[in-house]
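Here the sequence shown stands for residues 1 to 555, numbered as in full-length UniProt numbering. Glycine included, each C-beta is placed from N, C-alpha and C at the ideal position. Predicted model, so just to flag it, every value in this text is computed and none were measured.
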Amino acid sequence: MAAMLVSPPPPPQLLHPPPPSPGFELHKAALYVGDLDPEVSEVELVDVFSGMGPLVSVRLCRDSLSGKSLCYAYVNFFYPSDASKALACLNHTKLMGKPMRIMWSHRDPLPRKTGLANLFVKNLDPSINSASLQDIFCKFGNILSCKVAEENGKSKCFGFVQFDSDDSATAALNALNDTMLDGKKLFVSKFVKKCERKEASEETKFTNVYVKNLGEDLTEDIIRDKFSEFGKVGTVVIMKDGNGKSRGFGFVNFESPDEAKKAVEALNGAMLGSKKLFVGRAQKKAERQELLKHEKEMVNCNIGKEKASNLYVKNLDASVDDDKLQEHFSSCGQITSAKVMRHDSGLSKGFGFVCFSTSEEAQKALTTLNGTLLHGRSLYIAMAQRKEDRQRIPMKQAQQGNTNNWGYQQNSRTFATSKVPTQGLNYASPSNQKLHFKKKGNNKSGSEEASSKGSVSEKHFIRAPAQSNVWGNSKEIIGHHLYPLVHSLQPELAGKITGMLLEMNNSDIIKLLDSPDSLAVQVEQAVQALKEAKAWRSTESSVALPVESASCLSY
């Protein structure tokens, strides 16, 4: 996304435009400019819009990888009145051969994403362009966006009109639907997203009926007799394999579409012989595939909506129940469910889920409530993920190798502290989630022992490879959430134990955050390891060798 700051032309008596008045909101002087030619740059936009008044900035949005224009931009004026003038004078005018579609820039994505107050208009005369369409609909209310679809500069004879309120859209629909415009009857309806769209046309008339789940003992004569109850039957066919054995389905052809429809309504699900029939309109293969594709789109659409509106909430106090969780989030929108997850004993697991009616409400809650306090605990909020989606990340990491195993690293970051030798604290692979302590002996160097045992001594802890997950790559962020939990178990040693645990793989630490029982086990093992290390140091106090300690974060 590229941006060009523009110095506004000063009024005759001033060097700079006056500062905004109290209460002035910059976004009220911001315009969205869409449908731009790919060759349009910030320079052309400045040339066009600066004539309307002093500009704050012009931002042409570009692809982050290729740098190519995304064909839309944002223009910010100093004064709302100048922005209004630009909207009135420049909307639908051509820039480098293409009409610009200009509208107010709205921070709230709800109207744009939900299609609120948006109308679909079709059967337009090819002579009707976006400006003409706006002139026709503008008397019913304030129009946010108006566009006639084009291909290679020619109208596709349909378009879209979005109002700022449902009342205006309804009034326009009632007044203009089925009216004549330039010799053509307009069709106006509420806009429906593609994945939610249903067939609006009249049901296709048919005479050929598909019959499935036929018993092996059924003959074509038996089927004919049964279906003849609903009208005159032309042909009956039972499909058979190469050995002449029934494949369990067939077709019945009626002379009248009405009779075929009656047969479908009456016999679908009815018993014939020992089996329940499936009876429906016969479809061509291409039609069946299209229907399956539509059903899949509907399922994906519903899954996408559910995922985008469901929040995962962690670090809940044990006293927080479903009602308190819902009350805390209720200010952000309509909640369909709020649940705190619990153990079989009834104790809170410290996390839960809040599902909103829309993805916009969920995003608002994520933005405004993440990090807020609830019963003295700082909440961590993220978009909820299905179990299989969460599992994909560690699976991919495992395929890359060395994501969980600890090993000695020659250039690991270390810090020299005491000259008294300290005994190594050896972490086993996080997969078994155990902390081990082992004495050094036989004059082996720390590197030799670490290499031979596949462990890490206290003098050389390594940091796990950066993991890509919802916590990001920062140990500080994870530590911020881990420390309070460790502190509740071991207040005096919380800082040291937190630093020890942070040497683990990010994904393994996150599992501990989700499992209080596992965290308690790890903390207890760390306490025991520290006690053994302290005892060992006291027995080796006569040896004075420089040593580097574990690289831990301070808390």
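About 6 Å separates the CB atoms of F249 and V211; that is less than 8 Å, so the two are in contact.
Sixteen is the threshold: when 16 or more other Cβ atoms of the shown chains lie within 10 Å of the Cβ of M500, as they do, the residue is buried. Shown here, I128 sits in coil according to DSSP, grouped into three states, outside any helix or strand. Annotated as distal: L267 and F206, with beta-carbon spacing of 9 Å or more. Taking the C-beta atoms as reference points, K147 is found no nearer than 9 Å to L124. Note that the C-beta distance between I102 and N91 is below 9 Å. Under the rule that a run must span 4 or more residues, the alpha helix (DSSP H) segments found entirely inside the stretch 322-371 read 322-329 and 359-369. Within the model, the alpha-carbon separation for L502 versus V313 is close to 22 Å. With distances taken between CA atoms, V320 lies nearest to G350 out of V33, G350 and L218.
Contact between the stretch 228-248 and the stretch 173-183 is absent, with fewer than three C-beta pairs closer than 8 Å.
Note on T372: under 16 other CB atoms within 10 angstroms of its CB, so exposed under the neighbour-count rule. In this structure, DSSP gives Q162 an extended state, which the three-state scheme calls strand. Setting aside the 5 residues that flank it on each side, L60 is surrounded in the same chain by A2, S41, E42, L45, S69 and A73, each with a C-beta closer than 7 Å to its C-beta; the list follows chain order. Looking from the CA of R342, the closest CA among S515, K293, N506 and E492 belongs to S515. Remark: C-beta atoms of A282 and F329 do not approach each other more closely than 9 Å. Cβ neighbours of T336 within its own chain (closer than 6 Å, five residues either side excluded): C355 and S357.
Classified as buried, K261 has 16 or more neighbouring CB atoms from the shown chains inside 10 Å of its CB. The residue from S507, L482 and N506 with its alpha-carbon nearest to that of G495 is L482. A check of alpha carbon separations from V48 across K85, S66, E220 and S488 identifies K85 as the nearest. The C-alpha of M504 lies about 10 Å from the C-alpha of I510. Taking the CA atoms as reference points, A263 sits about 17 Å from K275. In this chain, the alpha helix (DSSP H) harbouring K262 covers P257 to L267. In the assembly as shown, M96 is an exposed residue. Its beta-carbon has fewer than 16 other beta-carbons within 10 Å. Taken atom to atom, the span from the alpha-carbon of S331 to that of D317 is near 20 Å. Its chain contains H27, A30, L31, Y32 and Y74 as the residues whose beta carbon lies nearer than 7 Å to that of S105, once the 5 sequence neighbours on both sides are disregarded; these appear in chain order.
Taking each of E216, P38, M100 and G273 in turn and checking the Cα distance to S66, the smallest one comes out for P38.
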